[in-house]
Amino acid sequence: MTTATDIFVNGVFGVFTGIAVLYVLMRVLAAVLGRPAPESAPADPASK
Amino acid sequence: MAFLDQLGVLAVTPGMVVMWAIGLTLIHLAIHRQYEPLLLLPIGFGILVANLPLTGLMTPGEGLIWRFYHYGIEWEVIPPLIFLGLGAHTDFGPLLSQPRLIFLGVAAQGGVYVTFFAAHAAGFTLEEAAAIGIIGGADGPTTIFLASQLAPELLGACAVAAYSYMALVPIIQPPIMRLLTTEGERRIRMRKARKVTAREKLVFPVAAAMGIILLVPASAPLIAMFMLGNLFRESKVVERLTDTAQNALMNIVTILLGVSVGATMDAPTFLRADVLFIFALGLVAFALGTASGVLLAKAMNLFTSDKINPLVGAAGVSAVPMAARVAHKVGAEADRKNYLLMFAMGPNLAGVIGTVIAAGIFLTMLR
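Keeping their order, the protein sequence lines are chains A and B. Here the working numbering is used: position 10 in the first sequence is 10, and no number is missing along the way. Here the working numbering is used: position 335 in the second sequence is 1335, and no number is missing along the way.
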C-alpha cells in the first residue's frame, strides 16, 4: 500500500533527478552547440 | 401549470445565492482589479450559470458545459493544449544561459510536498492531498490536470485557489522575500549571462522532452505539448502553427477551461468547510514554495563565488512571468539599476517543469 512517506520520498527524488538530467543536458548542449557556428570562408573572387 | 413548475426562480436555494456572490466577486476582480482576468472572468461566469437552477448545463451526458468539462478536462485535452500555447510563448534562453538556476525550480516544489503531508494529516485522502499540494506549484493547468485525475470533486476549489494565488503573487511573495533576505543580498548583481545560440534553443525542447518523459512517463501529456509548442517557436519554419498555438488555440481552450472549471463549483460541492481549508493550505503551499526557493539560493551562495541574488529563487514557483517580475521589482527597490528579470525567468521556467514532474510522480503513484 502506498503511504504519504513513499510519495514524498519518490517525489523529492524524482523531481531532483528530472531537474538534474535537464541540468546535465543544458551543460552538454552548451559545450557542443554553445559556440556560434564558424563563419563560412569567403568565396574566391570570381575570375574575370 | 407546467410553465410555473419549470420556473427557475422558484428553485433557487440559499447556497446558489452564495455561489452567485462568489462568481460575481471573481468577475469583479477580473474586470476591475485585473486579477488573472483571462481565467477568473470565465470561471466566475461558469460559477454563475452553473448555479442557476434547472438549466441542465452540467447534467452528465446532456449539458453543454458538462460536455466541455468531460471531453476537455476529464479526457485530459485542454490542460495539455494550454501547455502547447505556453511552450510557444516560452524562451528558454535565460535558463540555458544559467543552467545552475534550474535547481531553484526544485526548491519551490518543497511547498508542494510539505502541504501534501499537511493535507493528508488533516484527513484528506492521498489523492486529495496531492491535488491540494500541487497548488503550491502555482501552475493552473497542472493543478487542473492533476486534480481532474485524482480528486475531481476538489477540481473547482483547487483551480480557483491556484489561479487566485497566481493573481496574488505581487501581494503574497514580497513580504516573504524581504523577511528572508538582507538588504545586501537583495542588492547582489548577478554576472551577465552568456548569449545562447539558436542551435541550443532548437535542440533543447526535443532533448528535454525525451529526457523528462523517459524518467516520468506520466508527465508526457503536459511536457510533450509544452516542448512541441517550444519547438514550433524555435524552429522558425512553422510561423502559422506558432501563431495559432500562441493566440487562437490558446484563447479557445482558455475559454473552455475557465467556463468548465467554474461550472464544477455548484453549491453542494463548494460550500463546505474543507474547501476553505483547501484555500488555506494552498496559501501555505505557495508561501513555502516561495521561501524554499529563496533559501536554496542563499544556500547555493555558500558554495560559489559567483553569487545568486536570492530574490530570483522566489521565482521558482511557476506563475510565469508574474513571479519573475516580482523578483525583479523587489530587487529594484534595493538597487534601482539591478536588472533581475532575465535571471528570474530561469527559475520561473524551471518551476513549471518541476511542478509538471511532481504532478507526474503523483499520478504515477496514485492513479
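Glycine residues also receive a C-beta, built at the ideal position from the N, C-alpha and C atoms.
- Look at B/I1135: its C-beta is not under 7 Å from any C-beta on chain A.
- Under the DSSP assignment, B/A1245 falls outside any alpha helix (DSSP H); it carries neither an H nor an E label.
- Residue range P1014 to H1032 is occupied by the alpha helix (DSSP H) that includes B/G1023.
- The stretch 1226-1236 of chain B and the stretch 1085-1095 of chain B touch, with no fewer than 3 CB-CB distances between them shorter than 8 Å.
- Going by C-alpha positions, B/F1145 is about 6 Å away from B/P1079.
- At the C-beta level, B/P1174 and B/V1330 come within 7 Å of one another.
- DSSP places B/Q1149 in the helix class (H, G or I) of the three-state scheme.
- Within the stretch 1133-1185 of chain B, the complete alpha helix (DSSP H) runs of at least 4 residues fall at 1140-1150, 1155-1167 and 1169-1180.
- For A/M1, not one C-beta of chain B is nearer than 7 Å to its own C-beta.
- Of the candidates B/G1105, B/L1104, B/V1106 and B/A1161, B/A1161 places its Cα closest to the Cα of B/I1132.
- Contact note: B/Y1113 reaches chain A through F8, G11 and V12, using a C-beta cutoff of 7 Å and chain order.
- With its beta carbon less than 7 Å from one in chain A, B/P1099 belongs to the interface.
- Ranked by Cα distance from B/L1024, the options B/F1286, B/G1046 and B/I1278 are led by B/G1046.
- The straight-line gap separating the alpha-carbon atoms of B/V1237 and B/T1197 is approximately 17 Å.
- In this model, B/M1250 and B/L1256 are separated by some 10 Å (Cα to Cα).
- In this chain, B/A1011 is not harboured by any alpha helix (DSSP H), its DSSP state being neither H nor E.
- Listed along chain A are A4, each with a C-beta nearer than 8 Å to that of B/H1120.
- Shortest Cα-Cα distance from B/R1186 to any of B/L1004, B/E1036, B/S1292 and B/V1312 involves B/V1312.
- The beta carbon of B/G1110 sits closer than 7 Å to those of L1288, G1289 and S1292, all from its chain and outside the five residues before and after it, given in chain order.
- The C-beta distance from A/L33 to B/E1200 rounds to 5 Å, short enough to meet the 8 Å contact threshold.
- The beta carbon of B/Q1246 is closer than 7 Å to those of G1085, A1088 and H1089 in its chain, skipping five residues each way along the sequence.
- For B/R1199, the chain A residues whose Cβ falls inside 7 Å of its Cβ are L33, in order along the chain.
- At a cut-off of 7 Å between beta carbons, B/V1106 contacts chain A.
- Counted as a single uninterrupted DSSP element, the alpha helix (DSSP H) harbouring B/E1333 occupies residues M1322 to A1334.
- Around the beta-carbon of B/R1240, fewer than 16 other beta-carbon atoms lie within 10 Å, marking it exposed.
- Looking at B/P1060, B/S1164, B/Q1034 and B/I1082, the one whose alpha-carbon comes closest to that of B/A1248 is B/I1082.
- Taking the Cα positions, A/L22 is about 12 Å away from B/V1206.
- With the rule of 3 Cβ pairs closer than 8 Å, the stretch 1117-1128 of chain B does not count as touching the stretch 1301-1310 of chain B.
- Your pair B/A1151 and B/E1127 checks out as a contact, with CB atoms roughly 5 Å apart and the cut at 8 Å.
- For B/I1308, no Cβ of chain A is located within less than 7 Å of the residue's own Cβ.
- The Cβ atoms of B/A1011 and B/L1054 lie closer than 7 Å to each other.
- B/G1105 sits in a helix when the DSSP states are folded into three classes.
- Under a criterion of Cβ atoms nearer than 8 Å, the residues of chain A adjacent to B/L1215 are, in order, G14, T17, G18 and V21.
- Proximity of B/A1151 to chain A, defined by a Cβ-Cβ separation below 7 Å, is not satisfied.
- Secondary structure at B/G1056: coil, using DSSP grouped into helix, strand and coil.
- When only Cα atoms are considered, B/T1355 and B/D1139 end up about 7 Å apart.
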